[in-house]
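Enquirer: There's a structure below that I have some questions on.
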Amino acid sequence: MAVRGQFSSRLGFILAAAGSAVGLGNIWGFPTQVASNGGAAFVLVYLVLTFIVAYPILMAELVIGRHSQSNMVDALKKISAGNIAKKIGAGTGYWALIVVSLILSFYMIVAGWMIAYMFQAVTEVLGWSAASTWLTDFSISRNIIFSLIFALMTIVIVSRGVSSGIEKWSGRLMPMLLVLIVLLIIYVSMQAGASEGWKAYLVPDFSKVLNGDLILSAMGQAFFSLSLGVGSMLVYGSYVSKKENLVSLGASVALVDVGIAIMSGMLIIPAMYVALANGVTIFNEAGQLIGGDQLIFTVIPALFETMGGAGDYVSFVFFVLMTIAALTSSISMLEVPVAFTIESTKLERKGASWAIGIFVMLISLLLIFNFDVLFGLVISLTTQYSQPLLGLMLCIFTGWVWKRDSILQEIKQGADDVESSLFWKIWPGYVRFVCPSLILAMAYHTIFVG
Ligand code: PHE
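Encoded structure:
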């Protein structure tokens, strides 16, 4: 069995785990959801749910990971006592492996679009209009080429291992991302129309806060955004030293994730209104803000176009930013099956990264060739159904299967006084009762109410 890697520092872990959390989900998904779910009201509910549902599950993953020092399949087996529990644990782990590979397969396609738009900013400056058209038109050839490029970047980083691959790259890319977002926020804020956007983003309509759909979307967003359920956080937790305080590490990661999401909203929502002031349509027939693919690939490039000569450069920076965010997330996805493979077969990290990476690329190709049928289906099966249900399983294993005393011993390492803390008073009961109830209520709503 291969020697287990470890993050070399506290900051290294925070950057890597925050890198996993911060991705297309924050910069693309969150502002879109804000736009179509009542603006500031959504932000409020999302914040609350992140801390009462998502953060406790994040903690469960980190604690299970560090305690078991293994991938999700073996981890859930290790914390279970009986044979049946071990079997269910392993089954849950395998399910997570499948789900995370499928998430990676569609994520590579979307991230590939980001790279294509990044190149398009360059071809625009060079005046190569045929190339620009090819880069922005939806075609099988473009989708294949750029998702392959993104896949190769992911594989190369993961194949280098924990401290020299994952940690080093997340450490470089994450701070760059922050700086780029701040600069863009300042830039957009100075444009005409931005103040309308700020109003929509910051002034909540309290009558919408208790809306069922809004709560549901906010819950889903919190899950996807914190990379929960599929073992990414669990496996990163297994690389954390026993000297670290998991409670505060987890809180830092959640804070960074939420912070970047909020900042993306500060960029995208005012940017939409700037586009509106420049004559770009940002509302659909129903009077709602445009969301989904169209948000980034129609409104944002249109915004850049109105900036004159500077537009292409800002566009380049923006899509570099999106690619970076996607990359630090995709490496945490590929790490899940790779960790499992090197810990249960004779394959080394390099071989496993390439073998699994190529396998996921093949699934991606399948999605690209059957885009209309498979793309949306895979997204909803993985993120809307599987992630919350896997979160539920993690709650059950933490709250009902794993011995509470053993959990306490694990958390105490690096946090001596945790037993008397507010965290330990609330968290065990939360994962046992509150989190499962909330997830079940959500599942019920999705299946029966729609
Ligand atoms: N959290 C990532 C994002 O917001 C997506 C992700 C999901 C990463 C699952 C890892 C595992 O884009």
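Heads up, the sequence shown is in the numbering used here, so the first residue is 4 and it goes up one at a time. Built from N, CA and C at the ideal position, the CB exists for glycine as well.
Determine the contact status of GLU338 and SER192, defining contact as a CB-CB distance below 8 Å.
Expert: No, these two residues do not count as a Cβ contact at 8 Å.
Enquirer: State the CB to CB distance for the pair LEU425 and VAL256, rounded to an integer number of angstroms; the pair is presumed to be in contact (CB under 8 Å).
Expert: Contact flag wrong, Cβ pair sits at about 19 Å.
Enquirer: Which residue wins for smallest C-alpha separation from ALA63, given the options GLY354, MET179, VAL238?
Expert: Nearest of GLY354, MET179, VAL238 to ALA63, Cα basis: VAL238.
Enquirer: Can you find a heavy atom of ligand 1 that lies under 7 Å from the Cβ of ALA21?
Expert: Flag unset: Cβ of ALA21 not near ligand 1.
Enquirer: Compare the Cα-Cα distances from GLN123 to each of PHE149, MET269, ILE101 and report the closest residue.
Expert: The option with the nearest alpha carbon to GLN123 is PHE149.
Enquirer: Going by C-alpha to C-alpha distance, which of GLY96, MET121, PHE227 sits closest to SER318?
Expert: The residue with the shortest Cα to Cα distance from SER318 is MET121.
Enquirer: Of the residues PRO431, GLN416, VAL341, which one's Cα is nearest the Cα of SER162?
Expert: Measuring from the Cα of SER162, the nearest candidate turns out to be VAL341.
Enquirer: Let me know if GLY379 comes out buried or exposed under the rule of 16 or more other beta-carbons within 10 Å of its beta-carbon.
Expert: Exposed, by the Cβ-count rule.
Enquirer: Since I believe THR53 is in contact with ALA313 (beta carbons under 8 Å), could you give me their beta-carbon distance rounded to a whole number of angstroms?
Expert: That pair is no contact at about 35 Å.
Enquirer: Report yes or no: do the region 429 to 439 and the region 397 to 404 share at least 3 C-beta pairs separated by less than 8 Å?
Expert: Yes, they touch.
Enquirer: How many angstroms separate the CA atom of ASP420 from the CA atom of LYS202?
Expert: Going from the Cα of ASP420 to the Cα of LYS202 covers about 43 Å.
Enquirer: From the DSSP output, in three-state form, read off PHE300 for me.
Expert: Of the three classes helix, strand and coil, the one that applies to PHE300 here is helix, per DSSP.
Enquirer: Taking the alpha carbon of ILE218 as the reference point, which residue from SER39, PRO431, ILE272, GLN412 has its own alpha carbon closest?
Expert: The candidate whose alpha carbon is nearest that of ILE218 is SER39.
Enquirer: Starting from ILE263, trace the alpha helix (DSSP H) in both directions and tell me its first and last residue.
Expert: Run containing ILE263: 249 to 280, per the alpha helix (DSSP H) assignment.
Enquirer: Which of the three DSSP states is assigned to PHE10 in this structure?
Expert: Note: PHE10 maps to coil in three-state DSSP.
Enquirer: Start and end of the alpha helix (DSSP H) containing MET62?
Expert: From DSSP, the alpha helix (DSSP H) with MET62 extends over 58 to 71.
Enquirer: Taking the C-alpha atoms as reference points, what is the distance between ASN281 and ILE189?
Expert: Roughly 18 Å between the two C-alpha positions.
Enquirer: Using three-state DSSP, classify MET4 as helix, strand or coil.
Expert: Only weak support exists for where MET4 lies, its pLDDT of 44 falling under 50; the value from the coordinates is given anyway. Residue state, collapsed to three classes: coil.
Enquirer: Of the choices TRP430, ALA24, LEU369, whose alpha-carbon is the least far from that of ASN146?
Expert: Per the Cα distances, LEU369.
Enquirer: For the alpha helix (DSSP H) containing LEU350, list its first residue and its last residue.
Expert: First-last for LEU350: undefined, no H or E at that position.
Enquirer: Considering only the alpha carbon of each residue, which of ASP315, TRP405, ASN29 lies closest to GLY130?
Expert: Residue ASP315 is the option with its Cα nearest to GLY130.
Enquirer: Got a sec? Which residues, its chain only, sit under 6 Å from LYS245 by beta carbon, not counting five neighbours each side?
Expert: Result list for LYS245: GLN416, in chain order.
Enquirer: Thinking C-alpha only, which one of LYS80, GLU308, ILE55 is nearest GLY92?
Expert: Out of LYS80, GLU308, ILE55, LYS80 has the C-alpha closest to the C-alpha of GLY92.
Enquirer: From what residue to what residue does the alpha helix (DSSP H) around MET236 run?
Expert: Looking at the DSSP string, the run of the alpha helix (DSSP H) that includes MET236 is 235 to 240.
Enquirer: Report the option in TRP430, MET111, TRP405 whose CA atom is closest to the CA atom of HIS70.
Expert: The option with the nearest alpha carbon to HIS70 is TRP405.
Enquirer: Under 8 Å by Cβ, that's how I've got SER241 and GLY22 pegged, so tell me the actual separation to the nearest angstrom.
Expert: Their Cβ separation, rounded to whole angstroms, is 17 Å, which puts SER241 and GLY22 out of contact at 8 Å.
Enquirer: If you drop the 5 nearest sequence neighbours on each side, which residues of the same chain put their C-beta closer than 7 Å to that of MET4?
Expert: No answer about MET4 holds up, because its pLDDT of 44 lies below 50 and its placement is not dependable.
Enquirer: Return the CA-CA distance between ILE143 and ILE118, expressed in angstroms with no decimal places.
Expert: Cα-Cα distance, rounded: 15 Å.
Enquirer: What are the start and end residues of each continuous alpha helix (DSSP H) run of 4 or more residues lying completely inside the region 110 to 161, in chain order?
Expert: As far as the region 110 to 161 is concerned, its whole alpha helix (DSSP H) runs of at least 4 residues are 132 to 139.
Enquirer: For VAL37 versus TYR204, is the C-beta distance shorter than 8 Å?
Expert: It is a contact, given that the beta carbons lie within the stated cut-off.
Enquirer: Under 6 Å Cβ to Cβ from MET222, same chain only, skipping five residues before and after it: list those, please.
Expert: The answer, listed in chain order, is LEU52, MET445.
Enquirer: Just list the beta strand (DSSP E) runs in the region 337 to 391, keeping only unbroken ones of 3 residues or longer that don't cross its boundaries, in chain order.
Expert: Taking only runs of at least 3 residues, no beta strand (DSSP E) segment lies wholly in the region 337 to 391.
Enquirer: Taking the beta carbon of GLU413 as the centre, do at least 16 other beta carbons fall within 10 Å, making it buried, or is it exposed?
Expert: Buried, by the Cβ-count rule.
Enquirer: Residues in the same chain with beta-carbon distance under 6 Å from ALA44, minus the five sequence neighbours each way, listed in chain order, please.
Expert: PRO207, ASP208, LYS211, VAL212.
Enquirer: Thinking C-alpha only, which one of GLY262, SER198, PHE322 is nearest ILE303?
Expert: Ranking the options by Cα distance to ILE303, first place goes to PHE322.
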